[in-house]
Structures are given as C-alpha cells and as structure tokens.
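Contents: one structure, followed by commentary.
Numbering (the working numbering), first residue to last: 11 to 655.
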C-alpha cells in the first residue's frame, strides 16, 4: 500500500488532480513492468509445432484472437497477443491467461520454462498487479464534517450551518436517513465551498479510476481523528454523493472500506464502542459482507501512536494502545469479522517505533488473526530498504515476527496481575507527564531549549508542522514535537513519567515491586515497553540538556523546568537499574557502544547548532543562507542520532 498522492490530511497540495495523476502513474508503471516481463517471456518461447505437440485449446484461442498466421510458434504468439491487449487488461483475467499458458507449456513438457519464466510472472501479478500498490485515501474527520455541512447548506436543509453543534443522536438520524436513499444531496454542476468541493473532487477522481480500471489500485478511505460513529457514517454519505456506493438487495453498499483511525488517548479508549456501533450498522455489514456465507470478512482499524504519546506520555500511550487492540479484536469477533490492525508507527520510540520482532511479540493475543499492516516513514525506508540485503532482512524480520507472535500469543497472554498493576501506575505516569506540559512557562522553555523553530522551517514531513498555524502545544504535530526533543538530547517523549509511575509502584510495597520486576523478563509487552524507555533514556544526555537549556532567557523558568526534567530522569534511571538488576553497558553492550561512538562527532554538531540558534534568535530577519546552515546541522544531528521524528 501507499499514501503517496492519497494522504490529504493537513496537506493542501494533495489535490484531486494529484490523486488522479498518482493513480495513473502507478498503473502505467505497473503495466511497463509487466510488459517488460512479458516481452522477455515471448523471446524465450521458441517452441514450434514441429518439435512440440500443441494443445488444441491454445490453437483455438489464437484463432479466436485472429492470430492464425503465427500458429507455427503458438506459445510465443499467445504471449504477443497478451502484450498487445495489455492496456485494457484486467488483472484476474491476465492471471488466468498466464496460468493457462503455464499449463500448456507443462503439457508440452516445457516444465522448466513454465517454472522459470511464467510462474514468477504470476507471482508478480499477485504482488504488484496492474496497479503497483494500493493507494489509501486519508482525510481528517473534521474536514469531512465541514464538507458535509456545506453540502447540506447548499441543499437547503434547515439549520445545516450548525450541523457540527447538533446533538449526536440528531446527526445519526440525519445520516441514517440519507443512507436509506440513493438520492445525492447536491448536483455535480453546483459550485460548492472549499471543503465540500475538495472532498467531492477527490472522491470523484477515485470513482472515475474505479470505473475505468477497477478497484485494485485503491485501498481504503481512512478517517483520521475518528471521534465517533458520525465521523464514519459521514464518509458513507460522501461516498454515495460521487457514486462510490451501489444499491444491493437490502440497501446501499460502499465499494471501498471505510477505516477509522483512532489517535488520541480518549479516542483509543472509546474506539471499541465506536467500532461496535459501526460494525452493527447495516451499511457496514453490507459493505464488508458480515453475516454472509464463506470466510469471515476483514475489518481494518488504524491505530495512531503519536498523539496519545504527545498528550499523555509513553507509558500511558503504550497501555491504552494495548488495551484498545485487545478490546477491538474482541469486538470484531463478536460481529463475525477478523480485525486487521494498521499500525501507524513513526520512526522514533516517541512515535511508536522499536525493534520489529519485539514489537510484534508484544502485541495482544488475537490481534494478529486478521493480518497486519504497518507504516514506514520516509527516513526509515531509506535506512531499512535502501539495499536488497537490508530490505530482505527487514522483511524477513517482519514476516517471521508476525508468524512467531501469532503462534505464541495464545500461549503467553498478559497476566491479570500485570494488567491491574499497569492500570494503577499508568495514572501516575500520565499525571507526572501532564504536570510538565501544563507547568507555567513550559511553552517558553520548550521553544527556547529545543530547535523547534528551525524544524518548523524545514520541509521534511508530508504535512505542515502545525495544524492551523497557531503557536500552541495542541496545534503542534507529533513529528516536530518528538524531533525537537531528540535534537536537543532531552528525548522527553520516550521516557518522561515512567520514574514517577515506578515511584508509586514502589510505595505499594517491596513485594508488589519485585513481582512487577519479575514480570518484565517474562512478559513480552512489559519487556518491549521498558527496553524502549531504557533506549530513549540512554540516548538522552544530561550535559546537553543543560547546555540547550541555557538558550532559555527566563532564569526562573529555565531552572524550575530543567530541574523538574532532570529529577524525573534520575528517578527513571534509578528504577530501570532496579528492574533490570544490571546496568545497560553490561546487558546491552553493542547498543551502549553504538551510542558512545556517536558522541564525539555529535559534540561538534550540537555546539554548532546552539551557536546558530543563538545567532538566528537575535536576528530581526533571518537570511536564507543562515537558515540553510541551521537546517544542514539539524539534518546532520538527525543522521548522527539515526532518528528524526
């Protein structure tokens, strides 16, 4: 799958035209790949009727296609005919034709030719098809809501302008009524406001592509920041507007899956209830085929790892994600569907990253029954897949880890005692984390002690660093948030709040603490979380924290918040040593040596960055040359740390 050209959440440059062009480019690229392979295959097929017995069905097919003049080399003629009609081909039909060719070759005792040249081509069609990759169409729930509101106003619906403020039951009643009729709200010739125009244009581009080439190149309609059932039914109504639904025996059915994306802590907690109501809805049941004959349908749910961490800290975030998966998988089973979890992990621990095999073995039981999807960030792709050998190794880890986790998850479920302990300590972790973010002067400290102002000038992400452009914490996206803390070696999103949580656990008594300590080694989830916390803490550096904090001009704010951060760091370090019983250099010597080897070159880069930050912050207007110097240093430090956001 791919989001290139389809992810328009907060990205104004991903227009309907871009989506349409991307779909065509992907198809043309896939066709070129298949055409090249077919041409090579045709050159190999030198068999003639003079030396091989030709199946009558092959000759009959060539006659039907008016290829009788090439019957002396019927196998080659057959492939040339496939090449000639490739532009209008359909994947399943082409696959069947090539499967038939392989059978004909084997009948002619050309078994080796079929094995070496036709079977791999069939595998190619299984993977890239005639579309290369499925493009997901992602948009924010609030954007969809505004679009629907504008369409309702255009349709003359009473009190439509205040749709966002309607009670939820009234919204649901309206949406359900709209889904009972194929009648659209608007006419294609109507000129609509911005959001409505953009949404309908994008969905029409998708509908047009499906009409011409089929749905193979389209993935799902992903609704980011899914807050409730209304957000998902809204997409059904919008899909109906452009012909992405069709009438079946008992009502409307959507041609594409609508996928909720739960991102915030609160939405992850509410996710199971939302999914339950969504799977209960008649339109969803018809669209997915729930309740029909055959194997259980798959229902995809996407989980965001960034926003819950940014808002509540790593421990609370990991725990709410774990529980959400357990409960969502159970909801799917209740409705006779297998849940496919799409993990929106970032490239750093603060955004859900970590060793692939440990991540997979830490997932809840039953969460892999419906398969697995994961995101890979651009900078991570460069690290993991830049050569055939590294790409092969990483894909092997992903496949092997998935299979291993699936086999072992039912044998080693999370003990009830661990769940009870985690429920208790997560509240303390979240409270400690929020006490930092809500402290007086925090935004002043953060904006001065990290290079966030430089990162906001960069063009590294697929979206602007801020949602609306306001200089508030809520408006800041998770990527620059994590990136800036990492650059200044605080690594706050990867460990803050853990020390306070373990303080609270220790206060319950030595027996409880020791029991939890023993569980870390035997429980995959705990081991994964605390190893990641340890990695983040080891990558942080107290001396550089102090040095970057000197950039904060307000003395009282600097001293108070730096002390708060360093105290929590000391608490966390102390508890990790108790939990793991031996220091990190003894247990993870390779990781420790890797960190230490980076320090000398990073020292020069950090000094240069601090110097440039002082310089730019004292300038009334920053010139282009200085900005480029600063961004080059940001990039160099990211390369040295091997992490961005």
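Where is the CB? At the ideal position from N, CA and C, for every residue including glycine.
Quick caveat: nothing in here was measured; it's all calculated off a predicted structure.
For the putative contact between residue i and residue j, defined by C-beta atoms under 8 Å, what is the C-beta separation to the nearest angstrom?
| i | j | result |
| --- | --- | --- |
| residue 252 | residue 213 | 4 Å |
| residue 234 | residue 271 | 5 Å |
| residue 325 | residue 268 | Wrong, their Cβ atoms sit about 32 Å apart, outside the cutoff. |
| residue 139 | residue 225 | Wrong, their Cβ atoms sit about 11 Å apart, outside the cutoff. |
| residue 87 | residue 111 | No, residue 87 and residue 111 are not in contact; Cβ-Cβ is about 11 Å, not under 8 Å. |
| residue 453 | residue 329 | Actually they do not touch by this definition, with Cβ atoms about 27 Å apart. |
| residue 370 | residue 411 | 4 Å |
| residue 530 | residue 589 | 6 Å |
| residue 93 | residue 126 | No, residue 93 and residue 126 are not in contact; Cβ-Cβ is about 19 Å, not under 8 Å. |
How far does the beta strand (DSSP E) with residue i in it reach, from first residue to last?
| i | result |
| --- | --- |
| residue 384 | 382–384 |
| residue 148 | 145–150 |
Measuring CA to CA, which of the options is closest to residue i?
| i | options | result |
| --- | --- | --- |
| residue 618 | 641, 135 and 598 | 641 |
| residue 266 | 298, 288 and 45 | 298 |
| residue 142 | 440, 607, 228 and 501 | 228 |
| residue 24 | 148, 139, 124 and 47 | 148 |
| residue 254 | 240, 237, 238 and 221 | 221 |
| residue 579 | 559, 547, 402 and 196 | 547 |
| residue 436 | 322, 91 and 556 | 322 |
| residue 623 | 574, 457, 288 and 157 | 457 |
| residue 145 | 71, 58, 35 and 207 | 35 |
| residue 70 | 114, 289, 57 and 649 | 114 |
| residue 223 | 519, 629, 209 and 96 | 96 |
| residue 247 | 377, 57, 237 and 263 | 263 |
| residue 652 | 496, 443, 586 and 287 | 496 |
| residue 77 | 91, 170 and 67 | 91 |
| residue 159 | 569, 245 and 98 | 245 |
| residue 627 | 135, 365, 532 and 461 | 461 |
| residue 374 | 408, 334 and 404 | 334 |
| residue 306 | 379, 162 and 587 | 379 |
| residue 465 | 441, 494, 447 and 443 | 494 |
| residue 489 | 535, 320 and 443 | 320 |
| residue 56 | 31, 400 and 89 | 89 |
| residue 449 | 206, 573 and 292 | 573 |
| residue 150 | 131, 195 and 208 | 208 |
| residue 218 | 408, 31 and 616 | 31 |
| residue 616 | 545, 331 and 555 | 555 |
| residue 367 | 331, 347, 413 and 346 | 413 |
| residue 275 | 310, 440 and 396 | 440 |
| residue 211 | 514, 312, 18 and 647 | 18 |
| residue 515 | 604, 13 and 438 | 438 |
For residue i, which residues does DSSP report across the bridge?
| i | result |
| --- | --- |
| residue 264 | 255 |
| residue 349 | 309 |
| residue 270 | 233 |
| residue 411 | Paired residue(s): none; residue 411 is not in a bridge. |
| residue 12 | 145 |
| residue 354 | 314 |
| residue 435 | For residue 435, which the question treats as bridged, DSSP gives no partner whatsoever. |
| residue 465 | Answer by DSSP bridge pairing: none, since residue 465 is not bridged. |
| residue 228 | 145 |
Can you tell me where the alpha helix (DSSP H) with residue i in it begins and where it stops?
| i | result |
| --- | --- |
| residue 555 | 552–559 |
| residue 528 | 520–532 |
| residue 585 | 565–590 |
| residue 645 | 634–651 |
| residue 4 | Outside the shown range of the chain (11 to 655) lies residue 4, about which nothing can therefore be said. |
| residue 85 | 84–94 |
| residue 107 | 101–117 |
| residue 136 | 129–137 |
| residue 31 | 26–54 |
| residue 329 | 324–344 |
| residue 284 | 275–290 |
| residue 620 | 599–627 |
| residue 498 | Residue 498 -> no alpha helix (DSSP H), and no H or E assigned at all. |
| residue 387 | Here residue 387 belongs to no alpha helix (DSSP H), and DSSP marks it neither H nor E. |
| residue 510 | 508–517 |
Check whether the Cβ of residue i lies closer than 8 Å to any Cβ atom in chain B.
| i | result |
| --- | --- |
| residue 498 | Absent here is chain B; the protein component of the structure consists of one chain. |
_When you compare the segment 360–368 with the segment 315–326, are there three or more beta-carbon pairs, one atom per stretch, that lie closer than 8 Å?_
yes
_Given 8 Å, three or more beta-carbon pairs between the segment 514–525 and the segment 480–491_ = no
_Measuring CB atoms only, is the segment 339–358 touching the segment 382–397, in the sense that at least three cross pairs come out at less than 8 Å?_
yes
_Between the segment 56–76 and the segment 105–121, can you find at least three pairs of beta-carbon atoms closer than 8 Å?_
Result yes; three or more Cβ-Cβ pairs closer than 8 Å.
*Check whether the segment 565–582 touches the segment 492–508, taking contact to mean three or more Cβ pairs, one atom from each stretch, closer than 8 Å.*
These segments touch.
*Below 8 Å, can you find three or more Cβ-Cβ pairs linking the segment 42–55 to the segment 174–183?*
Under the 8 Å Cβ criterion, the segment 42–55 does not count as touching the segment 174–183, having fewer than three qualifying pairs.
*Taking one C-beta from the segment 122–135 and one from the segment 101–111 each time, how about it: are there three or more such pairs within less than 8 Å?*
yes
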